[in-house]
Amino acid sequence: MIKAQQIHKSYGDLHVLKGVDLHIKKGEIVSIVGASGAGKTTLLQILGTLDLIDESSDSMLSINDTTITTLNQKQLAKFRNEELGFIFQFHQLLPEFTALENVCLPAFIKKTSKNAAEKRAKELLDFLGLSHRYHHKPNALSGGEQQRVAVARALINNPKVIFADEPSGNLDSEAASNLHKLFFDLRDQFGQTFVIVTHNNELANMADRKLVMVDGTIIS
Ligand SMILES: Nc1ncnc2c1ncn2[C@@H]1O[C@H](COP(=O)(O)OP(=O)(O)OP(=O)(O)O)[C@@H](O)[C@H]1O
Ligand SMILES: [Mg+2]
-6 MIKAQQIHKS YGDLHVLKGV DLHIKKGEIV SIVGASGAGK TTLLQILGTL DLIDESSDSM
54 LSINDTTITT LNQKQLAKFR NEELGFIFQF HQLLPEFTAL ENVCLPAFIK KTSKNAAEKR
114 AKELLDFLGL SHRYHHKPNA LSGGEQQRVA VARALINNPK VIFADEPSGN LDSEAASNLH
174 KLFFDLRDQF GQTFVIVTHN NELANMADRK LVMVDGTIIS
């Protein structure tokens, strides 16, 4: 599902990613761990097409058989909206919109009709135990509820791959464990591929495969 070869990334003089190679299969849940500053978020942003790879002849990134480096801005935005889902440490919900509206936004961007988007959003919110929270705004939801709304938003367009950066970093241990269980349930139900950066050992070890990043490279 994801093939990356010789990924390098520098910010000015700082060489952050030093030739990352990885191959992630469809339906696999892969965790990425490593010390602060090792380059985990940078790698996730690059795999998620949110940041650009340093130009070099031997680097390559393909997701679901699409070679990312050949897409123009508009094609890339469409690909990201339709094929990828993102869950961040801080949920990044829009405060002025309700849970339901937040979940629908990526579907509206994809030009899904209002009815179809709301139907799918409600199914997801129900699946996530939020049937009674459709019309609450984020500040009227608990941290765990907000995070689940963000998960529903990440899933609404049925993405092939979900990228999560410290998804449970902001949750108590019970909410974190529920969220982790949810990722596995989703994979089992919908066959999605997950790439999860985490400092949470339990989550990292539950994954099918744990990659360790040290100083801009993957060592295992
Ligand atoms: N936009 C940027 N401009 C300059 N330097 C950056 C930028 N983003 C990240 N860095 C630097 O790149 C290095 C790797 O950062 P990154 O965020 O990938 O680390 P991380 O492994 O995710 O760490 P953490 O566990 O603390 O989140 C750090 O030294 C960081 O300061
Ligand atoms: Mg990080």
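First residue of the sequence shown? That's -6 in this note's numbering, and the numbers climb one at a time after it. Where a beta carbon is used, it is the ideal one built from N, C-alpha and C, also for glycine. Note that the coordinates shown come from a computational prediction; the quantities given were computed from them, not determined experimentally.
Within 10 Å of its beta-carbon, does residue i have 16 or more other beta-carbons around it, so buried, or fewer, so exposed?
i: E89; result: exposed
i: R202; result: exposed
i: T35; result: buried
i: D207; result: Correcting the residue type first, residue 207 is Val in the shown sequence and not Asp. With fewer than 16 other Cβ atoms within 10 Å, it is exposed.
i: F176; result: buried
i: A169; result: buried
i: I46; result: buried
i: Q139; result: buried
i: K103; result: exposed
i: F87; result: The amino acid occupying residue 87 in the given sequence is Leu; Phe does not appear at that position. Counting Cβ neighbours within 10 Å, L87 comes out exposed, since fewer than 16 surround it.
i: H128; result: exposed
i: A109; result: exposed
i: L7; result: exposed
i: N95; result: buried
Quick one: what's got a C-beta closer than 8 Å to residue i's C-beta in the same chain, skipping five residues either side?
i: T60; result: M53, L54
i: L69; result: T42, I61
i: S213; result: K203, L204, V205
i: D51; result: Q(-2), Q(-1)
i: E111; result: L93, C97
i: N171; result: G137
i: E75; result: K103, N150, P152
i: L123; result: A92, E138, R141, V142, A145
Mind reading off the beta-carbon distance from residue i to residue j? Whole number of angstroms is fine, and I expect it under 8 Å.
i: T91; j: K130; result: 6 Å
i: K11; j: T210; result: 5 Å
i: G136; j: G20; result: Between G20 and G136 the Cβ distance is about 29 Å, and since that is not below 8 Å, they are no contact.
i: I0; j: I39; result: 6 Å
i: L118; j: L93; result: 7 Å
i: N57; j: K174; result: That belief does not hold up - the Cβ atoms of N57 and K174 are roughly 26 Å apart, past 8 Å.
i: A133; j: Q85; result: Rounded, the Cβ-Cβ distance is 17 Å, inconsistent with contact.
Under 6 Å Cβ to Cβ from residue i, same chain only, skipping five residues before and after it: list those, please.
i: V188; result: V23, F156
i: A197; result: S24, V26, T191, K203
i: L121; result: R141, A145
Using a Cβ-Cβ cut-off of 7 Å (strictly less than) and excluding sequence neighbours within five positions of residue i, which residues of its own chain qualify?
i: G32; result: V9, L10, M206, G209
i: R113; result: A100, I149
i: A147; result: G78, F79, I80, I155
i: D17; result: Checking the displayed sequence, the identity of residue 17 turns out to be Ile instead of Asp. Hits under 7 Å: M(-6), I(-5), V23, T186, V188.
i: R219; result: Missing from the structure shown is residue 219; the chain here goes from -6 to 213 and no further.
What do you reckon, is the C-beta of residue i under 7 Å from a heavy atom of ligand 3?
i: D158; result: For ligand 3, the structure offers nothing, since it holds only ligand 1 and ligand 2.
Just grab the DSSP bridge partners of residue i for me.
i: R202; result: V23
i: F79; result: F156
i: S55; result: K(-4), T60
i: K11; result: H1
i: I189; result: S24, A157
i: T210; result: V207
i: H16; result: K(-4)
- Message: Across the region 78 to 89 and the region 154 to 170, are there enough close Cβ pairs to call them in contact, namely three or more that are closer than 8 Å?
- Response: Using a Cβ-Cβ distance cut-off of 8 Å, the region 78 to 89 and the region 154 to 170 are in contact, since at least three pairs of beta carbons, one from each stretch, lie closer than that value.
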